[in-house]
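Structure first, commentary second.
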């Protein structure tokens, strides 16, 4: 099974990151960083203040939210979160909520530019990996995080690990324009 992100991965806490002086080689090279993380799905009543209450409870416990997605229906909402301290999230949810589930997801940190997410989704499709759902969330240093809930974690991890979708472009690279003149890449 793919390893959890841990202290050097995308879900590291600020305290843990303080001890890392240099970004990883993969990050510097613009390669995707992929790991598994527990994701909590919390079923909430659809009324004002409920989201504020749960996120405030997490903040009070000094639990950082790494990724968040909220969707609703007429009566219920589903909050999906990935946090930096899953054990403490479990403890908090056991005290405060009756209806929640936990699942493993793939967390992929990649360049934040057009087409990178599409390429990852296409590679998973080509490998016949079914995506139950996916969402993105903010990252750092020009990167973003994608969360994938997939049917086959091992296969998806392998496919996404081999993906060279995040190669950084340099300002000095040139391309031919439609008129045949050279121009700078954007």
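Numbering (this note's numbering), first residue to last: 238 to 423.
Where is the CB? At the ideal position from N, CA and C, for every residue including glycine.
Computed from a prediction, not measured in an experiment: that's the story for all the values here.
In summary, residue 304 is buried, with 16 or more beta-carbon neighbours lying within 10 Å of its beta-carbon over all protein chains present. In the structure shown, residue 275 falls within a strand segment according to DSSP collapsed to helix, strand and coil.
Here residue 346 really is in contact with residue 380; their C-beta atoms are around 5 Å apart, less than 8 Å. The residue from 296, 301, 394 with its alpha-carbon nearest to that of residue 358 is 394. Closest option to residue 378, judged by alpha-carbon separation, among 365, 348, 321: 348.
In the three-state scheme derived from DSSP, where H, G and I count as helix and E and B as strand, residue 291 is classed as helix. A distance below 7 Å between beta-carbons, with the five flanking residues on each side excluded, links residue 334 to the following residues of its chain, in chain order: 279. Distance between residue 387 and residue 342, taken at the CA atoms: about 7 Å.
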